[in-house]
Amino acid sequence: MDRLLTLPEVAAMLRTPPDTLRYWRHIGAGPRSGKVGRRIIYRERDVLAYLDEQLGTCASLPGREPHGAPSA
Numbered sequence: 000m001d002r003l004l005t006l007p008e009v010a011a012m013l014r015t016p017p018d019t020l021r022y023w024r025h026i027g028a029g030p031r032s033g034k035v036g037r038r039i040i041y042r043e044r045d046v047l048a049y050l051d052e053q054l055g056t057c058a059s060l061p062g063r064e065p066h067g068a069p070s071a
């Protein structure tokens, strides 16, 4: 079973304010989330997939080298 994370836990993982996560959820951005009762939850694998996606996007920008790539 996937580990379930709370909004404050995900905010700490992403190093972003909880209000930013709430806004992303409102506009349909950020990691996939759901609700159990009144509590917003995130599956750990969804948060990690979101991070991988974001890091891949950054590395593919022109003039950017992947982290750890040797520089010329």
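Going by numbering that gives the first Met the number 0, 53 is the number at position 54 of the sequence shown; the sequence numbering is gapless. Even glycine gets a Cβ: it sits at the ideal position worked out from N, Cα and C. Note that the structure is predicted; figures quoted are calculated from it, not measured.
Test item: CB-CB of residue i and residue j under 9 Å
i, j, result
"P30", "L3", "no"
"D1", "R37", "no"
"D45", "S32", "yes"
For residue j and residue i, believed in contact at Cβ under 8 Å, the rounded distance
i, j, result
"P7", "P16", "Wrong, their Cβ atoms sit about 10 Å apart, outside the cutoff."
"R24", "I39", "7 Å"
"L20", "V9", "6 Å"
Extent of the continuous alpha helix (DSSP H) run through residue i
i, result
"M12", "L6 to L13"
Legend entry - Segments assigned alpha helix (DSSP H), at least 4 residues, entirely inside the segment 16-56: 17-26
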